[in-house]
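Colleague: According to my numbering, the residues represented by the sequence shown are 49 to 184, in order. Even glycine gets a Cβ: it sits at the ideal position worked out from N, Cα and C. Shown below is the structure under consideration.
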Amino acid sequence: MNTRLAIIRSEGKEHLCYREEECFVDVSYPMVTFTKGEDDFEIAKCDHPSMEETFLYQESRLSIVIEMYHNGWPALSLKDPVTHEIYTVLTVNLEDKAAFSLPDRAFVDINNNPDAMEFLLSNKLAEDTGYRRQSG
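Here is the structure:
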């Protein structure tokens, strides 16, 4: 989960991408890439949450890290803003197949983090879609 994500705007569309060397690769369709100097695109500014913003979780002030699992599904972690060490991973990867479109959900790990969903909801970082899956 060390992949940094970016939203790339090109030809009136937005693409969730990860960076691979000098280009950005579309998560949902890896054949689509954007390379600086070769393609016309812009990197969209993310207005929420910022990497500097901290949130109170289990009596600690932590930053949220938005990454993705190897198969393109979202991964949310909390890290210490000073040491940059991961405090906990709030999501779990329950999908066997790769995400071939922009994922519309992440699976919150309430087994290992019972208060994770309430944390995400109360800080307006997520909304409960009502979709549930059993793991383990």
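Does the separation of the CB atoms of Tyr135 and Leu142 fall below 9 Å?
Modeller: Within the sequence shown, residue 135 is the residue found at index 87, counting from 1. Within the sequence shown, residue 142 is the residue found at index 94, counting from 1. Cβ atoms of Tyr135 and Leu142: not closer than 9 Å.
Colleague: If you compare alpha carbons, which of Thr131, Glu133, Ala147 and Ala123 is closest to Thr139?
Modeller: The residue you call residue 139 lines up with position 91 of the sequence shown. The shortest Cα separation from Thr139 among Thr131, Glu133, Ala147 and Ala123 belongs to Ala123.
Colleague: Kindly list the residues whose CB is nearer than 7 Å to the CB of Lys84, restricted to its own chain and excluding five residues on each side of it in sequence; keep chain order.
Modeller: Start at 1 with the first residue of the sequence shown, and residue 84 comes out as number 36. Correct list, in chain order: Glu70.
Colleague: Spell out the partners DSSP gives Ser108 in its beta bridges.
Modeller: The residue given as residue 108 occupies position 60 in the sequence shown. Per DSSP, Tyr105.
Colleague: Between the Cα of Phe89 and those of Leu104, Glu59 and Phe155, spot the shortest distance and give me the residue it belongs to.
Modeller: Mapped onto the sequence shown, residue 89 falls at position 41. Ranking the options by Cα distance to Phe89, first place goes to Glu59.
Colleague: Run the CB neighbour count on Ser111, radius 10 Å, all protein chains shown included, and call it buried at 16 or more, exposed below.
Modeller: Residue numbering aside, residue 111 sits at position 63 when the sequence shown is read from its first letter. Buried, because 16 or more other Cβ atoms sit within 10 Å of the Cβ of Ser111.
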